[in-house]
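The numbers in this note's numbering rise by one with no breaks, and the one at position 604 of the sequence shown is 590. Where is the CB? At the ideal position from N, CA and C, for every residue including glycine. Keep in mind the model is a prediction, meaning the values are calculated, not measured. Structure first, then comments.
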Amino acid sequence: MHTNPWHLAWLVTLTSAIPLAEANTPHSFSANEIARLNWGNGAKQIALDKAPANNFGPQRLTIDEAGTGLYLLDATNQRIWLFNTTLNQFSSIRLPSKQADDFCVLDNGEHFYLLLSQKVVLINNKAQQLTDYAIKDNIRPIGIQCHEKRGLIIQAFDGNAYRHNDDTPLEFQAMVRGGYTLHALRNNASEGTILLHHEETNIGKDILVVSRNGELATFNLIGVDNNENTYLSVEEVATKGSPPRRFLRKYTPDGQLVAEAELAYSLYAYTFQDLVVTPTGDVFQIVPHKNHLKVVKWRLSTDNTRSAASRGLSLSYTETQADDFEPSEAAVEGIIKDKSAETRRIQAVSRQQIIATAKAYANKDFYVDYANITYGRQYLGGKIVKTPISRAGWYTGVPYKWCGFNSLSSFENGLKQGKKAGDKCTKCGGRSCGIRQTVGIDCSGFVSRVWGLTRKYGTSQLPNIAVRLRSKSQLRPGDILNKVGHVRLFSHRDAAGRFCVYEASSKDWKVSKRCYHAYDLKNYRPYRYKRVLSQGGSGFTTTQKLPTRFLIYGTRRIAEGQSRTYQAKVFYSDGSRRDVTHRASWREKSRYAYFRGATLYTKRVNRKKSVYIKASYAEKGKILKAGVAVTIRNTSARN
């Protein structure tokens, strides 16, 4: 019988942690660029995938268990880049396909898992496919993780982690190097908690993450080093509407913040995971720039925070240029002169309807025949057309079409009539819009459809039928993040605070799902449709509130003849928790100790002894248990 490790977890209580406002100014990190790869398709280059209003660099930076190899996925060029952190040298490993969306490393680079849409493929470092794993249809992956002992984990858009063949969410959100599993909890607008559980030792800890200046926008675990120090990236927003600042933080094993520096960041290209930490505590980061990808190394320093901050920003790409991206939409004709009359004409729609329609576009399965494809470029209806799909077969997600505004039914019917599946030729000559020989949707056409509008509104027109929000923290499902040229539909924020959206713009040119850090959205403004029927929830992922984990806090070593009081907490599926110390049942299995309430009393021993303490708690018909071995120390003799 498999026992859920979270139900047997033992957590070290962080009573020694002091509030950040009272803590001494922490140490900092020094940052240095140690390598770079130019963009391109050559032998010593890495691909930059350009899409409407987005550029895509490597999906993930990852590291092997030894901590000496950094790995970057370069799927377009059919390879994985390996950077040796000792020699500061690049080498590459060939891939069997260009279609990989994400990857993870096994056996120090001997094997790799590749995420290919709704399946995962295991290959060796000779590009030989060993086996594949189909992902259940109702799990929508955005990333993968793997471990030699713990297997393959699917990271999904809904914020949960899954096994590929089981749609029951796991009770952790990610795996961490060193044998840990992760669960992030948002306590309030300025505070969150990182829960770590070590599966082999059955010991865990929680790290309280507090904003030092304003709102805690996001907090993401980077990793744990060999000394059990924890490294996080944290984004803070000082005041409503101000741009976010992103920091690298180091916490001691007992939760003390000891180092902080402002991180480099890039608005030029999207990366899902850009930071890793080595077993020795060095942090590596990839930073996309206009002509190349930088590899930056962060190391603990005695410099003050200001000098490190200026160094981090000097390595950043903070302002976008007009020619950085492919255009996302053509200009929509017509100027809205009477905004109040326009508001009266538009239809009301609920948030549930908006998200349901967005899911339908993103999850749409369809078959593309040879008649629906242009082989290269084709001149149709006064415009050069190029379909984003190049092979016949089944696909998921309505494809991008320049100026597209197709409903799901008209898209399906158009394919049956032999129309082309999308058009990604955004800078091609000829007519700019209205090509009837193609079907699909663009970014503002997608938002117009999910809002139930009867005509297409461009990104410059959507604000006329929407209310601008004071800050992104007010976003609710069905709201939008808009800038002139591109728009994203807000779905939810995950437990770490990232903004999860639907958009008709992606590496593979279709309606898809992604989660962004706050800095990724620096140039976007939040809006709410004027005719939305419900204000909805908090914007953070919510589920039915059920007890999921039961954890004990306290010491693992007690001197003979002494007593210690333990604490018990229950955690719920909505991210909340509460103290149930005095409602739990406590017991021990030893003649050397006994419980009175939650206090364990020890007897005299002639040598060190172990006592296994247990606690149980029942709620809503579910019995949760926790237990761990505690050592009673003999103080009169040397152990």
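Is the CB-CB distance between residue i and residue j below 8 angstroms?
i	j	result
V354	A407	yes
Y119	H97	no
L160	L171	It should be pointed out that residue 160 corresponds to Ala in this sequence rather than to Leu. No; because the gap between Cβ atoms is not below 8 angstroms, this pair is not in contact.
S287	A250	no
V91	D50	yes
R46	G129	yes
C429	A490	yes
E222	G200	yes
T264	H503	no
P38	Y381	no
N70	G53	no
T440	V262	no
R569	Y515	no
H183	W25	no
F15	A247	yes
A457	A175	Here the sequence assigns Ser to residue 457, which means Ala is not the residue at that position. Cβ distance not < 8 angstroms, so S457 and A175 don't count as in contact.
F158	K493	no
Go ahead and pull the three-state DSSP assignment for residue i.
i	result
Q516	Note that residue 516 is Lys in the sequence shown here, rather than Gln. K516 falls in the coil class under three-state DSSP.
S459	helix
Q271	strand
D93	helix
K402	helix
A113	coil
Y148	strand
Q141	strand
G53	coil
Q338	helix
P12	coil
R422	coil
R80	strand
C429	helix
F397	helix
D153	coil
R435	helix
Ordered along the chain, which non-local residues of its own chain (more than five positions away) have a Cβ less than 6 angstroms from that of residue i?
i	result
P5	Note that P5 has pLDDT 36, beneath the 50 cutoff, so the model's placement of it is unreliable and the number below is only indicative. Cβ within range, chain order: n/a, list empty.
G404	A357
Q85	L102
Leaving aside the five residues before and after residue i along the sequence, list all residues of the same chain whose C-beta is less than 7 angstroms from its C-beta, in chain order.
i	result
D690	In the structure as shown, the chain starts at -13 and stops at 625, and residue 690 therefore has no counterpart that could be examined.
A579	L586, Y587, T588, K589, V597, I618
T127	According to the sequence displayed, residue 127 carries Pro and not Thr. The answer, listed in chain order, is L101, I121, I140, Q141, A142.
N620	E546, V591, N592, R593, K594
S622	none
T551	A584, T585
Quick check: what's the CA-CA separation for residue i versus residue j?
i	j	result
T238	P155	30 angstroms
I109	W388	37 angstroms
S498	V384	9 angstroms
V556	L537	7 angstroms
L181	A482	12 angstroms
L532	K606	8 angstroms
Y217	L467	30 angstroms
F311	G471	10 angstroms
H478	R65	33 angstroms
A342	C501	18 angstroms
V371	T360	7 angstroms
P449	L461	15 angstroms
R22	G368	43 angstroms
A308	D93	44 angstroms
A584	L194	24 angstroms
I208	K236	10 angstroms
T304	K402	45 angstroms
L68	Q114	18 angstroms
R232	S83	35 angstroms
N215	D192	12 angstroms
Excluding the 5 residues flanking residue i on each side, which residues of the same chain have their C-beta closer than 8 angstroms to its C-beta?
i	result
E398	F352
Y598	E574, K575, S576, G613, V614, A615, V616
E185	P(-9), R136, G165, Y166, T167
Give the DSSP bridge partners of residue i, in chain order.
i	result
C389	Paired residue(s): none; C389 is not in a bridge.
Y347	Answer is none; Y347 lacks a bridge partner.
R550	L586
G383	In DSSP, G383 forms no bridge with anything.
T179	L171, L194
G677	Shown here, the chain extends from -13 to 625; a query on residue 677 therefore has no answer.
T304	Paired residue(s): none; T304 is not in a bridge.
S287	S14
Give a yes or no on whether the minimum CB-CB distance between residue i and chain B is below 8 angstroms.
i	result
A357	Judged by its chain identifiers, the structure shown contains no chain B, having just a single protein chain.
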